[in-house]
Every structure is written in structure tokens, then in C-alpha cells.
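Read left to right, the sequence shown gives residues 2 to 68 (our numbering).
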Amino acid sequence: NEEEQAAEMDKFMPFLLETKLRELGANFISKPIWSDHIEQDGNLITGQNPQSCMSIAQAVIDKINSI
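Right, dumping it as C-alpha cells:
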């Protein structure tokens, strides 16, 4: 929620994704705001923000190459 709040975008969203995921039982992991950060769980690869796009792309390439 910190990045949405820092960018003052939270007021335009019907809900904050971090809050909703936690409510639904997700194990939400993040790093300091605007950090390049990804998480992998099996075939699920997700990134924290746009700064993470290169890391996400590399993780997807690595996953495909491991098949």
C-alpha cells in the first residue's frame, strides 16, 4: 500500500491490492518502496512495481529455459 499512498493513487482505487490480498490470506512480501523486487512461487512470478520489470523478464526467461 505504501507505493500507492506515496504516489497519492490510493484515493482513486476501489481497494488497495496489498490489503485485499492479505484479507484473502496471501503471504504478501514487499521491499522498501520503489525497490526492484520479485517473488516466485512455482510458475507464478510477480513483481512489486515497474522498477521490477527487468528482473521479472529475466526470471521468466530463466523459468522457460529450465523446462
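Glycine included, every Cβ here is placed at the ideal spot set by N, Cα and C.
Scanning its chain for C-beta atoms nearer than 6 Å, with the 5 sequence neighbours on each side dropped, one finds around Glu19 the residues Asn2, Phe29, in chain order. For Ile57, the secondary structure class from DSSP, reduced to helix, strand or coil, is helix.
In this structure, Glu4 sits away from Met14, with a CB-CB distance that is not shorter than 8 Å. Excluding sequence positions up to five before and after Ala7, its CB lies within less than 7 Å of the CB of Ile34, all in the same chain and listed in chain order. Non-local C-beta neighbours of Ser56 in its own chain, meaning closer than 6 Å and more than five positions away in sequence, comprise Asp37, Ile39, ordered along the chain.
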